[in-house]
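Asker: For the protein sequence lines, the chains are E and L, in the order given. Counting along the first sequence from 1, when you hit position 119 you're at 119 in the UniProt record's numbering, and nothing is skipped either side. Counting along the second sequence from 1, when you hit position 416 you're at 416 in the UniProt record's numbering, and nothing is skipped either side. This is the structure I want to talk about, given as structure tokens.
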Amino acid sequence: MADSAPTQPKPSSSVKLVLLGEAAVGKSSLVMRFVNNDFQENKEPTIGAAFLTQKCNLPTRTIKFEIWDTAGQERFASLAPMYYRNAQAALVVYDITKPSSLTKAQHWVAELQRQASPGIVIALVGNKADLASAGGADSSDDADAAPAAEGETNEEEEGTDARRVATRTAKSYADEESLLFFETSAKTGQNVAEVFTAIANAIPETSLKGPRGVGGSTNLNRQEDARVNLAGTGMSMPDKGCAC
Amino acid sequence: MDTLDNSEWDVVIVGTGLRQSLLALALSRSDKKILHIDENDYYGGAEAAFSLQEAEEWAKSVDESSTAAAFFNTSVTKPDLSPDSSTPQLSPSRKYSLALSPQLVYARSALIQSLISSKVYRQLEFLAVGSWWVYTTSSGNQALREPISIHQTDSIRGSLLKVPSGREDVFQDQVLDFKSKRALMKFLRFISDYEEQPQEWKKYEYEPFTTFLIERFKVPEVLHAPLLALTLTSASSDQVSTMTALPRIARHLRSIGVFGSGFGSVIPRWGGMAEIAQVGCRACAVGGGVYVLGKGIAGEGKYSEFDGKLRLKDGENITTKWCVRDHAPSGIPAASDNRSVTIVSSDLAPLFPSLGEEAPIPACAIINFPSGSIPVEGWDQERAVPSVQIAIHSSDTGECPPGQSILYGYVALSGAQGSQLLKKAVESLLASVDITPAPTILWSLQYEQRCIPVNGSGSLHMTWGEGMLTFKQSQFDLAFDDRILDEVKEIWQKIMGEDAGDFLVFEDREPDIDDDD
Ligand SMILES: Nc1nc2c(ncn2[C@@H]2O[C@H](COP(=O)(O)OP(=O)(O)OP(=O)(O)O)[C@@H](O)[C@H]2O)c(=O)[nH]1
Ligand SMILES: [Mg+2]
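Laid out in structure tokens, this is it:
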């Protein structure tokens with residue numbers, strides 16, 4: 001989906017998105033899959049943070065994601081506030097083979113609900129779904145479904161299956177907190193694009209390019225009209241408007 | 001974090017205010033090992049932006065006992081708003097992003113250049129500062145100097161006059177007569193290259209600017225206030241020297257038209273300089289810098305012989321080649337200014353007239369209350385009252401919900417007189433705008449900010465051992481002062497030594513970033 005359509009006169013807006021979650025759950029891998037359609041088996045931990053962008057074409061508009069991928073290691077915990085400030089979307093990631101990572105994800109969700117912009121769109125993402133045995137997961141082939149459908153999961157997920165977090169557990173938590181919910185695999189690409197598309201669709205049109213969270217929403221055109229372009233014509237010579 | 005104990009760093013930056021964060025940005029592509037800490041649990045230091053609740057917590061947490069703290073005398077006022085649905089109400093706390101540093105940045109400022117050359121401008125949004133207004137009372141100057149008792153003040157209703165923003169504005173002005181216009185045009189022509197004509201003004205250098213205007217250009221008194229307003233100084237009119245005024249007015253005029261017609265300065269969206277500080281920290285984190293909130297260094301000011309060892313407040317010992325921090329308390333009693341933040345139940349639309357068809361919608365208006373336009377109780381008439389500045393931010397800044405606006409007030413006067421003056425200025429402003437229903441105050445914060453007087457001679461690191469560098473704490477100025485950037489550069493250069501390269505010049509981290517701006 002992303003980046004394929006030719007340039008059309010569709011309205012384009014940028015969305016600031018932050019990734020949060022415990023170390024090694026696959027945040028950077030998800031971003032790499034989404035941005036480069038690539039995967040590394042032994043990805044090194046993120047130091048500090050990383051910034052990437054990717055476009056997402058919707059039928060009526062283009063969304064340019066400005067993605068801030070933060071480091072999950074505990075020693076970087078202080079970083080998060082500087083990235084979720086004014087973010088319009090957050091992707092909170094856990095690893096379906098590691099229950100502690102869901103607990104950590106729930107902490108992040110609580111912090112976002114307390115501190116981030118009131119209108120922030122939050123998606124809860126259970127990653128490494130490829131490590132669950134086929135019967136255990138439920139969201140594998142339902143490509144066009146928005147948040148993963150509740151249901152088919154059977155509870156006997158033990159066996160050779162590495163899954164330790166039942167889809168149902170996470171899904172019902174996500175529903176309670178009104179979060180988007182997906183199980184993904186950065187390794188196979190399963191559901192990765194869907195997460196970002198769902199987020200793009202969930203961002204209210206009015207908040208695009210408008211106040212990112214704080215201040216609520218105002219009229220889109222007005223926001224466009226207020227912005228000063230520093231890079232364009234500026235910084236060369238003052239033009240006719242000059243009083244001197 | 002595990003622990004910082006025994007860790008080793010190239011640079012430890014203490015505090016996440018604007019200066020420190022610009023330094024972090026400058027160092028973000030160096031291979032230095034950087035630890036950036038702040039003892040607060042928020043970013044931004046003296047340039048932070050707060051939700052309502054955070055602002056109230058901040059006001060409570062300010063250390064009133066310390067004579068060195070940057071802020072003191074804080075108070076929050078919430079008028080009793082009847083819960084009746086027809087009266088305007090405060091919105092939820094996080095609908096606000098109130099700036100401790102609501103400064104404007106002139107288009108010609110070196111800061112703009114640096115934000116562009118370092119590529120971080122892509123993560124910022126800037127809005128235009130539109131009209132400049134001067135408050136006047138119809139009663140004439142004579143009456144203004146009369147001390148008016150506080151009991152009878154509420155009924156003076158003044159008016160706001162728009163400062164002409166260019167030649168055309170001057171010609172179209174209805175109030176000015178032809179002679180005044182000519183005098184003004186002559187002055188404007190002079191100031192466009194005043195540096196080249198020292199003979200015109202050198203002997204007035206230390207004289208009041210108003211004297212210079214009268215004697216040299218016969219600029220009539222009605223035009224003094226508007227021209228002084230452009231200087232953005234809060235000193236009283238008789239204390240603004242020609243030397244102070246000329247560069248400031250020139251800076252204003254030379255910036256007009258750079259980014260579009262009709263305006264010359266901008267403000268960052270989302271809470272003033274907090275946003276720029278944040279962008280600096282983010283860039284440094286992407287470069288591998290380690291950030292820890294809630295950590296300060298112990299033994300404030302006891303580093304006269306810095307040997308590379310620092311102790312953090314919770315007992316961890318670290319070593320570093322360089323430590324950069326704010327000016328330490330010096331024992332010299334600092335001057336202070338009064339500041340205020342007021343949330344108002346109106347968008348105050350009449351103060352944001354369009355800048356023209358092609359121009360962006362303005363999001364900030366500047367109101368100047370000239371010396372003496374607001375009476376101060378018990379003022380001794382020997383000297384003139386300082387002028388008051390109010391910057392109004394519209395909801396386009398994201399600092400408040402639509403239908404409201406934020407008034408940031410500033411006066412270079414300490415104590416109760418200063419705070420009284422600010423309060424009256426806000427009330428007078430609201431009374432002078434013709435809007436129904438009349439705008440009301442929903443919430444306000446008052447505080448004083450200390451400033452260590454900066455005398456040109458002071459070196460940045462005089463009393464410290466090699467390796468301990470300090471930033472000065474200069475007086476608040478409604479416009480970003482480029483000397484801050486010079487300071488950052490000086491410290492950066494010291495740390496980088498020989499292989500410093502160009503200051504704040506970077507390539508995009510992402511090669512294929514598209515230029516859709
Ligand atoms: N099997 C499988 N492995 C994955 C998946 N996603 C990531 N990994 C692996 O998990 C490890 C950690 O992935 P990262 O993307 O670096 O994790 P992170 O969340 O960015 O980690 P930090 O940067 O330390 O916070 C790497 O070795 C990845 O190859 C996945 O979907 N399936
Ligand atoms: Mg990572």
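We treat Cβ as the ideally placed atom computed from N, Cα and C, and that holds for glycine.
Do residue 274/L and residue 48/L have their beta-carbon atoms positioned less than 9 Å apart in this structure?
Answerer: Numbered from its first residue, the second sequence carries residue 48/L at position 48. Numbered from its first residue, the second sequence carries residue 274/L at position 274. Closer than 9 Å, so yes.
Asker: Which of the residues in the region 35-63 of chain E, read from start to end, lie with their CB under 9 Å from any CB of chain L?
Answerer: Those residues of the region 35-63 of chain E that come within reach of chain L (Cβ to Cβ, closer than 9 Å) are 47, 48, 49, 50, 51, 52, 53 and 55.
Asker: Determine the DSSP secondary structure at residue 188/L, reduced to helix, strand or coil.
Answerer: Numbered from its first residue, the second sequence carries residue 188/L at position 188. Correct three-state label for residue 188/L: helix.
Asker: Throw me the rounded Cβ distance for the residue 22/L and residue 488/L pair, which I believe falls under 8 Å.
Answerer: One-based indexing of the second sequence puts residue 22/L at position 22. One-based indexing of the second sequence puts residue 488/L at position 488. 5 Å between Cβ atoms; contact.
Asker: Exposed or buried, what is residue 103/E when buried is set at 16 or more other beta-carbons lying within 10 Å of its beta-carbon?
Answerer: The residue labelled residue 103/E in the question sits at position 103 within the first sequence. Residue 103/E is exposed by the Cβ-count criterion.
Asker: Would DSSP call residue 502/L helix, strand or coil?
Answerer: Position 502 of the second sequence holds residue 502/L. Three-state DSSP puts residue 502/L in coil, outside helix and strand.
Asker: Let me check understanding here. Comparing Cα to Cα, which of 278/L, 244/L and 4/L lies closest to residue 123/L?
Answerer: Stepping through the second sequence from its first residue, residue 123/L is reached at position 123. Selected option, being the one with the closest Cα: 278/L.
Asker: Starting from residue 79/E, find everything on chain L with Cβ-Cβ shorter than 7 Å and list it in chain order.
Answerer: Looking up residue 79/E in the first sequence gives position 79. Here the neighbours are 285 and 291.
Asker: Rounded to the nearest angstrom, what separates residue 190/E and residue 184/E at their Cα positions?
Answerer: Here the question's residue 190/E lines up with position 190 in the first sequence. Here the question's residue 184/E lines up with position 184 in the first sequence. So the alpha carbons of these two residues sit roughly 5 Å apart.
Asker: Comparing alpha-carbon positions, which option in 388/L, 479/L, 321/L and 401/L lies nearest residue 466/L?
Answerer: Locating residue 466/L in the second sequence gives position 466, counting from the first residue. When only C-alpha atoms are compared, the closest one is 321/L.
Asker: Here's the rule: buried if 16 or more other CB atoms are within 10 angstroms of the residue's CB, otherwise exposed. What is residue 107/E?
Answerer: As a first step, residue 107/E is located in the first sequence; it is residue number 107 there, counting from the start. Exposed.
Asker: Could you round the C-beta distance between residue 541/L and residue 413/L to whole angstroms and report it? I think they count as a contact, below 8 Å.
Answerer: Nothing can be reported for residue 541/L: it is not among the residues displayed for chain L, which extend from 1 to 517.
Asker: Got a sec: is the Cβ-Cβ distance from residue 84/E to anything in chain L below 9 Å?
Answerer: Walking along the first sequence from the start, residue 84/E turns up at place 84. It does not; no Cβ of chain L falls within 9 Å.
Asker: Ends of the alpha helix (DSSP H) at residue 8/L?
Answerer: Taking the first residue of the second sequence as 1, we reach residue 8/L at position 8. Note, residue 8/L: premise wrong, no alpha helix (DSSP H); beta strand (DSSP E) at 8-14.
Asker: Does the region 67-83 of chain E come close enough to the region 40-47 of chain E that 3 or more CB-CB pairs lie under 8 Å?
Answerer: Output reads yes: the region 67-83 of chain E touches the region 40-47 of chain E.
Asker: Taking buried to mean at least 16 other C-beta atoms within 10 Å of its own C-beta, is residue 171/L buried or exposed?
Answerer: On the second sequence, position 171 is the one that residue 171/L refers to. By the neighbour-count rule (16 or more Cβ atoms within 10 Å), residue 171/L is not buried but exposed.
Asker: If you draw a straight line from the alpha carbon of residue 169/E to that of residue 87/E, how long is it in whole angstroms?
Answerer: The residue you call residue 169/E lines up with position 169 of the first sequence. The residue you call residue 87/E lines up with position 87 of the first sequence. The straight-line gap from Cα to Cα measures roughly 27 Å.
Asker: Under 8 Å from any heavy atom of ligand 1, does the C-beta of residue 71/E make it?
Answerer: Taking the first residue of the first sequence as 1, we reach residue 71/E at position 71. Checking the Cβ of residue 71/E against ligand 1 gives yes.
Asker: Can you check whether the CB of residue 161/L is closer than 9 Å to the CB of residue 478/L?
Answerer: By one-based count along the second sequence, residue 478/L stands at place 478. By one-based count along the second sequence, residue 161/L stands at place 161. No, these two residues do not count as a Cβ contact at 9 Å.
Asker: Roughly how many angstroms lie between the CA atoms of residue 323/L and residue 11/L, to the nearest whole one?
Answerer: As a working mapping, residue 323/L is identified with position 323 in the second sequence. As a working mapping, residue 11/L is identified with position 11 in the second sequence. When rounded, the distance between both Cα atoms is 6 Å.
Asker: In this structure, how does DSSP classify residue 435/L when only helix, strand and coil are distinguished?
Answerer: The residue you call residue 435/L lines up with position 435 of the second sequence. DSSP places residue 435/L in coil when its eight states are reduced to three.
Asker: Using CA coordinates, which residue listed in 181/L, 500/L, 216/L and 136/L is at the minimum distance from residue 197/L?
Answerer: Within the second sequence, residue 197/L is the residue found at index 197, counting from 1. Looking at the Cα atoms, 216/L is the closest of the given residues.
Asker: Going along chain E in order, which residues have a C-beta closer than 7 Å to the C-beta of residue 288/L?
Answerer: Translated into positions along the second sequence, residue 288/L becomes position 288. Within 7 Å Cβ-Cβ: 47 and 48.
Asker: Check whether the Cβ of residue 127/E sits closer than 8 Å to any heavy atom of ligand 1, and report yes or no.
Answerer: Your numbering for residue 127/E matches position 127 in the first sequence. Result yes, Cβ under 8 Å from ligand 1.
Asker: So if I threshold CB-CB distances at 7 Å, which residues from the region 373-399 of chain L count as touching chain E?
Answerer: Under the 7 Å Cβ criterion, the region 373-399 of chain L contributes 395, 396, 398 and 399.
Asker: Are the region 247-255 of chain L and the region 26-39 of chain L in contact at 8 Å, needing three or more beta carbon pairs?
Answerer: They do not touch, by the three-pair rule.
Asker: Just to check my reading of the structure: residue 127/E and residue 186/E have Cβ atoms closer than 8 Å, yes? What is that Cβ distance to the nearest angstrom?
Answerer: By one-based count along the first sequence, residue 127/E stands at place 127. By one-based count along the first sequence, residue 186/E stands at place 186. Sure, about 6 Å apart at Cβ, within 8 Å.
Asker: Classify residue 383/L as buried or exposed, calling it buried when 16 or more other Cβ atoms lie within 10 Å of its own Cβ.
Answerer: Translated into the one-based positions of the second sequence, residue 383/L becomes position 383. Burial call: exposed.
Asker: Determine the contact status of residue 435/L and residue 348/L, defining contact as a CB-CB distance below 9 Å.
Answerer: As a first step, residue 435/L is located in the second sequence; it is residue number 435 there, counting from the start. As a first step, residue 348/L is located in the second sequence; it is residue number 348 there, counting from the start. Against a cut-off of 9 Å, the Cβ pair of residue 348/L and residue 435/L comes out as a contact.
Asker: Looking at ligand 2, does it come within less than 8 Å of residue 50/E, judged from the CB to the closest heavy atom?
Answerer: Counting from 1 along the first sequence, the entry for residue 50/E is found at position 50. Indeed, a heavy atom of ligand 2 lies less than 8 Å from the Cβ.
Asker: Which of helix, strand or coil does DSSP assign to residue 268/L?
Answerer: Taking the first residue of the second sequence as position 1, residue 268/L is located at position 268. Residue state, collapsed to three classes: strand.
Asker: Under 9 Å between C-beta atoms, does residue 139/E make it to chain L?
Answerer: Along the first sequence, one-based indexing puts residue 139/E at 139. In this prediction, residue 139/E scores a pLDDT of 42, lower than 50, which makes its location untrustworthy; no coordinate-derived value is stated.
Asker: Rounded to a whole number of angstroms, what is the C-alpha to C-alpha distance between residue 392/L and residue 419/L?
Answerer: The sequence position of residue 392/L within the second sequence is 392, counting from 1. The sequence position of residue 419/L within the second sequence is 419, counting from 1. In a straight line, the C-alpha of residue 392/L is about 18 Å away from that of residue 419/L.
Asker: Examine chain L for any beta-carbon lying closer than 9 Å to the beta-carbon of residue 28/E, and answer yes or no.
Answerer: On the first sequence, residue 28/E is found 28 positions in, with the first residue counted as 1. No, residue 28/E does not count as interfacial toward chain L.
Asker: Are the beta-carbon atoms belonging to residue 195/E and residue 94/E less than 9 Å from one another?
Answerer: For the purposes of this step, residue 195/E is identified with residue 195 of the first sequence, where counting begins at 1. For the purposes of this step, residue 94/E is identified with residue 94 of the first sequence, where counting begins at 1. It is not a contact, given that the beta carbons lie outside the stated cut-off.
Asker: Measure from the alpha carbon of residue 8/L to the alpha carbon of each residue in 276/L, 377/L, 309/L and 241/L, then state which is nearest.
Answerer: As a working note, residue 8/L is residue 8 in the second sequence. Taking only the C-alpha atoms, the option nearest residue 8/L is 309/L.
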